[in-house]
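The structure under discussion appears below in the form of structure tokens.
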Amino acid sequence: MIECFENRVQTNRDPFVIGIYFGNQKPNNLDFLQDFVNEVRLLERDGVLYQGTAISVALSAVVCDAPARAFIRSSKGHTGFFSCHKCQQKGVTYQGRMTFPESDAPARSPARLDSETFDELNDDQHFNGFSPFTLLSVGMVTQFPHDYMHVVCLGVVRKLLYFWMRKPLHTRIGTAVIKEVSAELLKYHSYLPTEFNRKPRALSDFERWKATELRSFLLYTGPACLKGRVPTSIYDNFILLSVAMTILLSVNLVENKADYAHSLLMAFVNHCSKLYGREYIGYNMHALLHLSEETKKYGVLDNISCFPFENFLGQLKKMIRKPNKPLEQVIRRLSERQLKSNVYLRMESNLTMEHVSGPVPPELSVVRQFRRMTVQTFIIQVSTSNSCVELSGGKIVVVENIIVDNTGEAYVVFRAFQKVCSLYQYPLPSSEVGIYHLSALTSQLHYTLAANIKRKYVLLPIKDGFAGLPMLHQ
């Protein structure tokens with residue numbers, strides 16, 4: 001998947017098709033990329049003229065998984081000795097597996113790879129041959145970032161679940177614990193917000209979990225349902241990864257805590273080597289050590305994530321209704337979608353689900369009441385799963401009503417948690433990254449301007465209260 005950003009990064013973007021290919025076998029990278037490279041070279045040289053204004057065009061990032069990256073860069077695959085495109089570490093074969101035990105290998109040069117300025121292009125230890133991308137003004141190291149959907153979610157998190165469920169034997173968590181954790185995950189069905197496309201499944205189904213389910217487990221459900229149920233060594237190791245990713249996915253934290261997240265990831269990899277075995281420190285585990293550096297160029301990892309493209313790819317696949325002429329089918333469906341978007345303008349109110357049942361503070365002159373509103377990029381609703389938010393002062397509250405007064409101002413009526421503390425203390429008090437153990441919800445109602453809502457929270461039931469975790473993805 002190839003993505004162009006405007007200036008530095010572009011968030012909340014909708015993918016669009018620039019080329020679709022079909023064939024009976026995998027092409028070589030020259031055939032596959034030639035049309036794209038020729039067009040980008042033209043755009044880099046001439047730019048785009050829009051309404052009389054010349055707009056320059058540059059490729060900012062090429063986002064893909066490890067096999068695709070090796071294919072288009074014409075470099076060693078992820079099982080090769082010199083497969084890491086970020087550093088010069090040589091892999092070590094251990095117990096039949098390719099491992100990367102070093103944590104401080106020299107970085108590859110960030111200079112643009114071309115035949116005149118980058119000597120490593122002629123180094124067959126990493127490169128297999130010529131890549132058409134060397135003809136573009138693109139850094140073959142810095143502008144090919146790691147994608148956390150593949151590296152972390154589908155790679156490392158799934159591997160952790162494999163350790164707990166399959167082998168090695170000394171880290172298996174036992175049938176009773178599996179059933180208990182699975183029961184908690186299933187209980188969370190009614191608590192996960194609307195923004196979660198998939199609800200949790202039992203641990204026994206982990207091999208069929210999608211990337212979004214693995215992300216939810218890492219950032220939200222895992223820290224809550226594993227606490228007090230799995231051995232401390234396993235939980236603390238998991239939390240190292242969870243906290244690091246929370247930081248690298250949080251707009252509020254990444255700028256000041258990226259280096260700290262890197263130290264957590266280094267500790268996580270070292271702990272994994274001791275806990276599970278050094279033979280499991282493979283490509284994805286090693287790639288964790290390069291993630292924090294990506295955020296210094298691109299911001300939060302969601303800015304360079306494959307998640308929106310994988311979702312769009314799923315939509316494209318659904319457009320193919322029969323095996324004959326798949327390209328024609330997709331193009332027709334895309335044309336129909338474009339026509340509809342041009343004809344029908346989607347008008348959606350910020351406030352919906354009007355009602356008259358309260359509660360209403362007596363001091364407000366209420367004109368209308370609503371159960372649902374859109375704030376920034378998330379949905380607030382008077383329901384079990386969508387009502388927990390953080391206010392601008394840092395208070396975690398539950399929204400009980402949404403009202404509009406006679407001046408047109410929108411307010412939220414809420415109840416606040418009286419007891420707020422950290423959910424865990426290692427590797428830091430979780431309150432420092434906005435994760436709390438919440439209890440004692442007051443019966444007293446308060447209200448504030450809806451504009452004072454800072455962000456949405458995921459509220460999950462745990463022993464003696466709730467786990468409150470900031471919602472990081474959109």
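Going by UniProt numbering, the sequence shown wraps up at 474, each residue one higher than the last. Every residue gets a Cβ at the ideal spot worked out from N, C-alpha and C, and that includes glycine. On a predicted model such as this, the values are computed, not experimentally measured, just so you know.
Three CB pairs or more closer than 8 Å across the region 267 to 274 and the region 304 to 314: With the cut-off at 8 Å, the region 267 to 274 and the region 304 to 314 do not touch.
C-beta contact flag for Asn303 and Leu391 at 8 Å: Taking 8 Å as the Cβ cut-off, Asn303 and Leu391 do not qualify as a contacting pair.
C-alpha gap between Tyr424 and Tyr21, whole angstroms: Spanning the two alpha carbons is a distance of roughly 49 Å.
Chain-order list of residues whose beta-carbon lies under 7 Å from that of Ser131 (same chain, five-residue window excluded): Excluding residues up to 5 positions away in sequence, Asn29, Ile72, Arg73 and Ser74 lie with their Cβ nearer than 7 Å to the Cβ of Ser131 in the same chain.
Best match in Ala467, Val141 and Lys456 for proximity to Leu441 [C-alpha to C-alpha]: Of Ala467, Val141 and Lys456, the residue nearest in Cα terms is Ala467.
Where Thr171 sits in the DSSP three-state scheme: The answer is helix: DSSP assigns Thr171 an H, G or I state.
Own chain partners of Asn237 with C-beta closer than 7 Å, once the 5 adjacent residues on each side are dropped: If we look at Asn237 and ignore the five residues flanking it on each side, its Cβ neighbours are Phe268, His271, Cys272 and Leu275.
Distance between beta carbons of Ile396 and Ala224, contact taken as under 8 Å: In fact, because the Cβ distance is near 15 Å, the residues do not count as touching under 8 Å.
Delimiting residues of the beta strand (DSSP E) encompassing Val404: According to the DSSP assignment, Val404 belongs to the beta strand (DSSP E) that extends over Ile396 to Asp405.
Ser250 and Pro427 closer than 8 Å at C-beta: Result no, Cβ atoms of Ser250 and Pro427 do not sit closer than 8 Å.
Beta-bridge partners of Val254, as assigned by DSSP: Residue pairing by DSSP places Val254 opposite no residue, since no beta bridge is assigned to it.
Pro461 - partner residues in DSSP beta bridges: Paired residue(s): Phe466.
Through-space distance from Pro429 to Ser422, alpha-carbon basis: Roughly 6 Å separates the two Cα atoms.
Contacts around Tyr188, its chain only, beta-carbon distance under 6 Å, and the 5 residues preceding and following it disregarded: Within the same chain, Cβ atoms closer than 6 Å to the Cβ of Tyr188 are found at Pro200, Thr221 and Leu460, the five residues on either side in sequence being excluded.
Where Phe16 falls: helix, strand or coil (DSSP): Correct three-state label for Phe16: coil.
Within the region 128 to 175, ranges of the alpha helix (DSSP H) (whole runs, at least 4 residues): You should have 158 to 165.
Which of helix, strand or coil DSSP assigns to Val433: Looking at Val433 - three-state DSSP - the assignment turns out to be helix.
Three-way DSSP call (helix, strand, coil) for Tyr298 in this model: Note: Tyr298 maps to helix in three-state DSSP.
DSSP state of Leu345 mapped onto helix, strand, coil: Only weak support is given to the placement of Leu345: the predicted model assigns it a pLDDT of 39, under 50, and the question is left unresolved by the model.
Sequence-distant residues of the same chain with beta carbon closer than 7 Å to Lys454, five excluded per side: Apart from sequence neighbours up to five positions away, the residues of its chain that approach Lys454 with a beta-carbon distance below 7 Å are Glu390, Leu391 and Ser392, ordered along the chain.
Cross-strand partners of Met98 (DSSP beta bridge): Answer is Thr93.
Simplified DSSP assignment, three categories, for Leu49: Taken through DSSP and simplified to helix, strand or coil, Leu49 comes out as strand.
Identity of the residues DSSP links to Thr212 by a beta bridge: For Thr212, DSSP assigns no beta-bridge partner whatsoever.
Exposure label - Ala54; buried when at least 16 CB within 10 Å: The residue in question, Ala54, is exposed, as its Cβ has fewer than 16 Cβ neighbours within 10 Å.
Three-way DSSP call (helix, strand, coil) for Phe82 in this model: The answer is coil: DSSP assigns Phe82 none of H, G, I, E or B.
Contact under 8 Å by Cβ, Arg108 with Lys86: It is a contact, given that the beta carbons lie within the stated cut-off.
Beta-carbon proximity list for residue 475, same chain, < 8 Å, skipping 5 on both sides: Examination of residue 475 is not possible in this model, given that the chain is present from 1 through 474 alone.
Distance CB(Tyr436)-CB(Val412) smaller than 8 Å: For the 8 Å CB-CB criterion, Tyr436 and Val412 do not form a contact.
Within the region 359 to 390, ranges of the alpha helix (DSSP H) (whole runs, at least 4 residues): Here no run is fully enclosed.
Ser182 vs Ser204 beta-carbon contact at 8 Å: Going by beta carbons, Ser182 and Ser204 fall inside the 8 Å limit.
Start-to-end residues for the beta strand (DSSP E) that takes in Ala416: Where Ala416 is concerned, the enclosing beta strand (DSSP E) stretches over Ala410 to Ser422.
Contact set for Leu49: own chain, Cβ-Cβ below 8 Å, skip 5 residues either direction: Result list for Leu49: Ile55, in chain order.
Separation of Thr194 from Arg371, as counted between CA atoms: C-alpha separation (whole angstroms): 14 Å.
Whole-Å CB distance - Val63 paired with Cys306, under 8 Å assumed: In this structure Val63 touches Cys306 by the C-beta definition: roughly 6 Å separates them, less than 8 Å.
Beta-carbon gap between Val420 and Glu400 smaller than 8 Å: Glu400 sits away from Val420, with the two beta carbons spaced by 8 Å or more.
Span of the beta strand (DSSP E), counted from its first residue to its last, around Tyr447: From DSSP, the beta strand (DSSP E) with Tyr447 extends over His446 to Leu449.
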